[in-house]
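> If you read the sequences in order, they're chains A, B, C and D. With the numbering used here, the residue at position 223 of the first sequence is 223, and numbering never jumps. With the numbering used here, the residue at position 39 of the second sequence is 1039, and numbering never jumps. With the numbering used here, the residue at position 134 of the third sequence is 2134, and numbering never jumps. With the numbering used here, the residue at position 147 of the fourth sequence is 3147, and numbering never jumps. Structure incoming, see below.
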Amino acid sequence: MNTQPLITTTEAVDKAFYIIFGISGVALLGITVAMVYLVWRYNRKRYPVPLSQKDHNVWLEITWTVIPSILVMVMFWYGWEGYLSLRRIPDNAIPVQGTARMWSWLFTYENGKTSDKLYVPVGQPVNVRLNSEDVLHSFYVPAFRVKRDCVPGMETYAWFVAEEPGSYDLFCAEYCGVAHADMITTVEAIPAAEFAGWLAEKPSATAAGKGLLQKHGCLGCHSLDGSPMVGPSFQGIGGRQVTVVANGESRTLVSDRDYLEKAILDPGVEIVEGFPAAMPPYAGKIPEEDMTGILDYLVSLTGDGSSVEEATEDEAEEANKPEEEGLAEEPTAPADAEEPASPAERGEALAAKNGCLGCHSVDGSKRVGPTLKGFWGSERIVTRDGQETTLVADDGYLIKALREPSAEVLQGYPPAMPPYPGLSDEEIQDLRSWLETLK
Amino acid sequence: MSEEHAHIVQYKTFAIVWIGLLILTGLTVAVAQYNLGAMNIWVALGIATLKSGLVIAFFMHMKYESRLFQLSLFAALAILAIFIGLNFFDVLYR
Amino acid sequence: MSDVRTTPTSDRGFFDEGQYPGIFAWLLSTDHKRIGLLYFWCIIAFFCVGATLGLLLRLELFAPGETIMSAQTYNATFTLHGVIMIFLFIIPGIPAAFGNLIMPIQIGARDVAFPKLNLFSWYLYITGAILAVTSLFTGGGPPDTGWTFYVPFSAQTSTNVSLAAVAVFILGFSSILTGLNFVTTIHRLRTEGMTWMRIPLFTWSLYATAWIQILATPVIGITVALLFAERVIGTGLFDPAQGGDPIMFQHLFWIYSHPAVYIMILPGMGVVSDIIPVFSRKPCFGYKAIVVSSLAIAFAGSLVWAHHMYTSGMSDMAVLVFSFLTFIVAIPSAIKVFNWLATLYEGSILLDPPLLYALSFILLFTIGGLTGLVLGAAAADVHVHDTYFVVGHFHFVMFGGTGMAFFAAMHYWLPKIYGRMYDKTIATVAWAIMVIGFLILYISMKIVGMQGMPRRYYDYVPEFTSLNQLATVGSWILAVGLVLMFANIFRGIFKGDPVGDNPWGGASLEWQIPSPPPMENFGEEDPVVTHGPYDFTKAGIL
Amino acid sequence: MSGHVHKDYTGAKFGMWLFLFTEVLLFGGLFLLYAVYLARYPQEFISAGKELNVWFGGGNTMVLLTSSLFVAISITALRRGAKTLCLRLLGSTIVCAAIFMVNKYFEWSAKISHGIYPGSDHMKEMQPGEMVFFNLYYLTTGLHGLHVIIGALVIAWAMILIKKDRVNADDWVILENAGLYWHLVDLIWIFVFPLYYLILH
């Protein structure tokens, strides 16, 4: 592996720092001492009249032009040399895809495994290929002195190598909106063997299945540990008896593979009793293979679900979960110890966070955009492709209005609303629950 | 002040310049019909520069103004060229 | 200089010679001194607002998590702090206020070349300022983009960025017109004997600045106009989905905003170059070198914008070129510092408040400049870019540099304009408090930035807490110094002891006329200049 | 120099030129983007450029060049004391401006009726480079059109002053400056025309 001694990014950058700080320190000291000395030495009390009226000296000017020029060229050179080290990816670097979005990170490994923390093997270079799904972000790991912007529509990269095992902060360094400061995760440097094991966990149905649930945002509303969230928990969902309401009639059935598939693709038909009809239909949204994986996993969650063998291996991810929820939904929520807020409350917080209330009132008054009072289920006259259409404010309409507001513009209002592609499906459901309360 | 009686340009001069401008316009349209590859844009820009030179020198009296005016114009255009040119260190090498 | 004294019609000079009654004497005046004071007071007012916002930001960062405001409010607050401080305080600060007050007198002119345009510039400034404030309360609420307005975020956010963009456009226009006015004034209205090599260095610095204002400011105009168009009519020139390139926005933005840094700092250097000789009773050392370096900074400053973009995803070739050019610009600044120090050598130095502020400029600007070298070096910049190190750096340059120079100018020239002197002891105490608070505040920021704390962070990881608290405490000390300094200045303006025409013993023209200056600065006859601006022997000071 | 009454012609002209530099730099931002995007999407720019009508663009070029001629001559005319001729020439200039704008109106509405305008569905189906081309086209010609209107207003204002004899054979710097502004409008178009309408036909 190690064909030649590897210069780490930290070493490359720190060299430039030492040289520049060294030269600068001497210069600063010199200037400060000279200034204080001159002010003291030639004080008017001592010399009521200046000793001379010298006003130029060509050689001095040349000297203090040439010497700084040489010094800054030295600094330039070391800065550039270090930068080149940052840009030259070692041949044996492991590629990882890093996706930034408002306001979280997603890392995808070569074998398709995803994670919201960046797991890397100690001692081996990692090349993170960066992109962004929405606005500018910046991938920044202070410990390794690397930073690179994530630009939508463009791939950038940053490589580094972790010499010591440990957990290193990973920040977003380019301002990206209200939760910019929460877009923090970690680089988890683990011994190579452990990393290989972690990476190979994919075959494990549980981890893969859980990864899929994470990827498609299921865990935003459904817990794995039995605790109620927006939707019912997945604990024991394989073969559990569920009571559902369909067309106003409730009946009890067994949650089998067919039921689960139906419930995912078209959840509005049968609603689990006691839960809001909040889930969006996923028909056409989940690729076939992912669907199979999800169903395999869900069916496997039987009994009390004290969850089979995954307890240990998922510790890291479990530990991370509350934090991630805090990010996505309630940046200002005081503590995760509290009861989870109701969907409507979360929706309200979301509306405040995303600035909805700047344009939409909740009391019926007209602002830049239409009021949200009585929004849900109301008839809307919209202009689509220059033609007026009447439709009802339902799930589909809400999603479209948030993700692509310019497609259907409400009559009498300017097409002023920006799209909110960053809103997850769960968040839209929360918003919907809140909107329903605004009668 | 002396400059109040600055050069009065003759009607004839203007007319000649105008005819020159029209000819150059025709020329630039004509040249655009031929595929010269990347040269097209440079030829078009060259002719446009010639035309703008005529407008500046005669219509805008720059030919009769002092060195200060000419230097300032040069500085402004040079800065614009720098602003555009330096960008290509990024654009061409990305 | 020949005797340019006239019998003043009133001992309150131009204050008693308004053309219109009451408030209109100010609002309709085309006199450069009145316009200068209009700017001065507006700028001071906006500085106080901006500083208050800064203190609130520091307070929020006193502890991790929510301290006094929500994240959205915080983001709007730092945006506003940046926009106000940059567009309403630093950029117009010295040129529009002291440039207007002093520059025409320094070259022996009775006014600027286009007095009505000058007044119009002020109205544009006020219009822009009002629009910027209006954007807080209208549309989608206060802009939350940061003063850099980077796309795609600025094109997507629902807050009132569009109006803020219009405000910036108008403020830019105001800046352009002031620059245009000054260049023409300096070329056309120098009095007899005021050769180019006899122009005071302050005026020289304004000349260099004015050229940047003219040639760079239009670029920010088109940039914010394009942002406006992108938001309002969807012309996605920077939108990747429409083939645009978000990085081009950054290029355009910094093509203006980097030279703008020199619009901010050059006049400050001019102030220092004028003050140091007077309080050393020695000609400014290397006058020509300083003139050339001002012009060199103005030119070379236009070539280095992309050093703000090393991590942006632009090409490595661009990093190489811009890093190299950036280090070139460092040299003229260094030359100025050495020449200032050489001016002190063998002088007769009086440590009055203007000199103290000027010396703190040298110290703080040097620290800011040297940390700028860290940011210019490609590798080092990658680590500290967009961290608190940058925040610390530009506050050293902008506040420690331009801010201190502004205060130096205030202590140096306000006695001339108002004819009254502040309390020098209090001014010195305030100065000491400010410098101490300043160093605590911004050095903490630099260290926390070196440790990796990104800027524009509403919340931070616990290991950054102690330095953030130290910085916040520093901000309080700094605030105490500021309040004391302003209180002393205001008291001095209204109640101070009258000063003579030449309280500091200056040799340039503004010290040869009465304090406050009369309406057209000079009597019936224009002054005839016979010696340089720092020739204390010929001026009869020595 | 004796203060108040004196009028500095060179200074006034110089100030105007400085202002024109700012206008050049303002458009410079758009030309910069044009250059960058042309380098990135040469083929798309060519295919999109074919959608523009050379006759509209060429006709407008002639109109503007001619109007510039009128303005240039009008200054000579005024200085020679031919006030009526001067006013007629300036009037013709404003007519030229109107022709230009009407032309532009037809050109834009033809494009818009084909569904080519910022944010349209038709645009969304285009290649990214073509979208950039049309967005730039609308912004550049739009900003230029705005300058045509402002220029025409400035000329009209100069005409009023000439009628009132406030601007005359001895005091003509306002007309000179108005003319400079108008020529700038022409200058910009001299570059816009080949860059947008003639990019390889």
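Note that CB positions come from ideal geometry on N, CA and C, so glycine has one too. From a predicted model like this one, the values you see are computed outputs, not experimental measurements.
Determine the direct distance from the alpha carbon of K147/A to that of M2248/C, and round the result to whole angstroms.
As a first step, residue 2248/C must be located in the third sequence, where it is residue number 248. As a first step, residue 147/A must be located in the first sequence, where it is residue number 147. Taking the straight line from one Cα to the other gives about 20 Å.
> Closer than 7 Å by beta-carbon distance: list the chain D residues that pair up with L2215/C, in chain order.
Within the third sequence, residue 2215/C is the residue found at index 215, counting from 1. Neighbours of L2215/C on chain D, chain order: F3021 and L3025.
> Would you kindly report the start and end of the unbroken alpha helix (DSSP H) that includes N1040/B?
Here residue 1040/B is taken as the residue at index 40 of the second sequence, counted from 1. Note, N1040/B: alpha helix (DSSP H), M1039 to L1054.
> Hey, could you find the ends of the beta strand (DSSP E) F148/A is sitting in?
For this step, residue 148/A is matched to residue 148 along the first sequence. Reading off the sequence, residue 148/A comes out as Arg, not Phe. Run containing R148/A: V146 to C150, per the beta strand (DSSP E) assignment.
> Give the single residue among T156/A, R129/A and E164/A whose Cα lies nearest to the Cα of A441/A.
Residue 441/A lies beyond the range of chain A shown here (1 to 439); nothing can be said about it.
> Beta-carbon within less than 7 Å of M3131/D's beta-carbon, same chain only, minus the 5 sequence neighbours each way: which residues are those?
Looking up residue 3131/D in the fourth sequence gives position 131. For M3131/D, where only same-chain residues beyond five positions count, the Cβ hits under 7 Å are M3123.
> Since I believe T2185/C is in contact with A2113/C (beta carbons under 8 Å), could you give me their beta-carbon distance rounded to a whole number of angstroms?
By one-based count along the third sequence, residue 2113/C stands at place 113. By one-based count along the third sequence, residue 2185/C stands at place 185. Yes, A2113/C and T2185/C are in contact; Cβ-Cβ is about 4 Å, under 8 Å.
> Does the beta carbon of A2318/C come closer than 8 Å to any beta carbon on chain B?
If you number the third sequence from 1, residue 2318/C lands on position 318. Taking Cβ atoms only, chain B reaches closer than 8 Å to A2318/C, which makes this a yes.
> Return yes when the C-beta of K1051/B is under 7 Å from any heavy atom of the ligand FMN, and no when it is not.
Judged by which ligands are present, the structure shown has none, so any question about the ligand FMN falls away.
> Roughly how many angstroms separate the alpha carbons of D2246/C and P2092/C, rounded to a whole number?
The residue labelled residue 2246/C in the question sits at position 246 within the third sequence. The residue labelled residue 2092/C in the question sits at position 92 within the third sequence. The sequence shown places Pro at residue 2246/C, rather than the Asp named in the question. Roughly 29 Å between the two C-alpha positions.
> Measuring alpha carbon to alpha carbon, tell me which of L3030/D, I3162/D, W3189/D and V3148/D ends up nearest G3081/D.
Along the fourth sequence, one-based indexing puts residue 3081/D at 81. Of the candidates L3030/D, I3162/D, W3189/D and V3148/D, the one whose C-alpha sits nearest the C-alpha of G3081/D is I3162/D.
> For L2038/C, does the three-state DSSP call read helix, strand or coil?
Position 38 of the third sequence holds residue 2038/C. In this structure, L2038/C counts as helix in the three-state DSSP scheme.
> Starting from the C-beta of L2177/C, find all residues in its chain whose C-beta is less than 6 Å away, skip the five residues before and the five after it, and write them out in chain order.
If you number the third sequence from 1, residue 2177/C lands on position 177. Only L2117 and S2121 meet the Cβ criterion.
> Check distances from the C-beta atoms of the segment 2055-2067 of chain C to those of chain A and list, in chain order, the residues that come in under 7 Å.
Residues E2066.
> If you measure beta-carbon to beta-carbon, which residues of the segment 1068-1082 of chain B are closer than 8 Å to chain D?
So the close ones are L1068, F1069, S1072, L1073, A1076, L1077, I1079 and L1080.
> Under the rule that 16 or more other beta-carbon atoms within 10 Å means buried, what is F1074/B, buried or exposed?
In the second sequence, the residue the question calls residue 1074/B occupies position 74. It counts as exposed.
> Answer yes if the segment 167-174 of chain A comes into contact with the segment 2383-2399 of chain C, meaning at least three C-beta pairs across the two stretches below 8 Å, and no otherwise.
Output reads yes: the segment 167-174 of chain A touches the segment 2383-2399 of chain C.
> So V382/A and E408/A are in contact, right, with Cβ under 8 Å, and what is the actual spacing, rounded?
As a first step, residue 382/A is located in the first sequence; it is residue number 382 there, counting from the start. As a first step, residue 408/A is located in the first sequence; it is residue number 408 there, counting from the start. The Cβ separation is near 4 Å, so the contact holds.
> Would you tell me roughly how many angstroms separate the C-alpha atoms of D2144/C and F2062/C, rounded to the nearest one?
Taking the third sequence and counting its residues from 1, the one referred to as residue 2144/C is at position 144. Taking the third sequence and counting its residues from 1, the one referred to as residue 2062/C is at position 62. One C-alpha to the other measures close to 21 Å.
> Could you pull out every residue in the same chain whose Cβ sits closer than 7 Å to the Cβ of M1050/B, ignoring the five residues on either side in sequence?
Walking along the second sequence from the start, residue 1050/B turns up at place 50. First, the residue type needs correcting, since residue 1050/B is Leu and not Met in the sequence shown. Correct list, in chain order: L1024.
> Just the chain C side, please: which residues come within less than 8 Å of N3135/D by C-beta, in chain order?
Numbered from 1 along the fourth sequence, position 135 holds the residue referred to as residue 3135/D. T2235, G2236, L2237, Q2242 and G2244, listed in chain order.
> Taking Cβ-Cβ distances shorter than 7 Å, what residues in chain C pair up with V3167/D?
Locating residue 3167/D in the fourth sequence gives position 167, counting from the first residue. Under the 7 Å cutoff, chain C gives no residues; its nearest Cβ is about 17 Å from V3167/D.
> Please return the same chain residues whose Cβ sits closer than 8 Å to the Cβ of V135/A, not counting the five positions on each side in sequence.
Residue 135/A sits at position 135 when you count from the first residue of the first sequence. Counting only Cβ-Cβ distances below 8 Å, and skipping sequence neighbours, we find M102, P152, C176 and G177.
> Rounded to whole angstroms, how far is the Cβ of P3128/D from the Cβ of G2243/C, which I believe are closer than 8 Å?
Position 128 of the fourth sequence, counting from 1, holds the residue named residue 3128/D. Position 243 of the third sequence, counting from 1, holds the residue named residue 2243/C. So it is a contact: roughly 3 Å between Cβ atoms.
> Counting only the same chain and skipping the five closest in sequence on each side, list residues whose C-beta sits under 7 Å from that of G3145/D.
Walking along the fourth sequence from the start, residue 3145/D turns up at place 145. The answer, listed in chain order, is M3101 and K3104.
> On the CB-based measure, 16 or more other CB atoms within 10 Å of its CB, does A3097/D come out buried or exposed?
Within the fourth sequence, numbered from 1, the residue matching residue 3097/D stands at position 97. A3097/D should be labelled buried.
> Could you check whether the Cβ of R2231/C sits closer than 8 Å to any Cβ belonging to chain D?
Mapped onto the third sequence, residue 2231/C falls at position 231. Closer than 8 Å: no.
> Assuming A2479/C and L2055/C are in contact, meaning their beta carbons sit under 8 Å apart, how far apart are those beta carbons, in whole angstroms?
Here the question's residue 2479/C lines up with position 479 in the third sequence. Here the question's residue 2055/C lines up with position 55 in the third sequence. About 6 Å; that satisfies the 8 Å criterion.
> Beta carbons nearer than 8 Å to chain C: which residues of the segment 146-158 of chain A have them?
Listed in sequence order: V146, K147, R148, D149, V151, P152, G153, M154 and T156.
> Whose CA, out of W3189/D, K3007/D and E3051/D, lies closest to the CA of S3113/D?
Your numbering for residue 3113/D matches position 113 in the fourth sequence. That would be E3051/D, whose Cα lies nearest to the Cα of S3113/D.
> For M75/A and F107/A, what's the separation of their Cα atoms in angstroms?
Working through the first sequence from its first residue, we reach residue 75/A at position 75. Working through the first sequence from its first residue, we reach residue 107/A at position 107. M75/A and F107/A: Cα-Cα distance of roughly 35 Å.
> Under 8 Å by Cβ, that's how I've got W2204/C and G2141/C pegged, so tell me the actual separation to the nearest angstrom.
Start at 1 with the first residue of the third sequence, and residue 2204/C comes out as number 204. Start at 1 with the first residue of the third sequence, and residue 2141/C comes out as number 141. Going by Cβ atoms, the distance from W2204/C to G2141/C rounds to 44 Å, so no, they are not a contact pair.
> So N127/A and I94/A are in contact, right, with Cβ under 8 Å, and what is the actual spacing, rounded?
Here residue 127/A refers to the residue found at position 127 of the first sequence. Here residue 94/A refers to the residue found at position 94 of the first sequence. Their Cβ separation, rounded to whole angstroms, is 7 Å, which keeps N127/A and I94/A in contact under 8 Å.
> List the DSSP bridge partners of F107/A.
Locating residue 107/A in the first sequence gives position 107, where the first residue counts as 1. Per DSSP, G98/A and S115/A.
> Where P334/A and V2151/C are concerned, what is the direct C-alpha to C-alpha distance, given to the nearest angstrom?
As a first step, residue 334/A is located in the first sequence; it is residue number 334 there, counting from the start. As a first step, residue 2151/C is located in the third sequence; it is residue number 151 there, counting from the start. Here P334/A scores only 39 on pLDDT, less than 50, and its place in the model should not be relied on; the value that follows carries that caveat. In a straight line, the C-alpha of P334/A is about 32 Å away from that of V2151/C.
> When you compare only the Cα positions, how much space is there between N111/A and I286/A?
Here residue 111/A refers to the residue found at position 111 when the first sequence is read from its first residue. Here residue 286/A refers to the residue found at position 286 when the first sequence is read from its first residue. About 19 Å.
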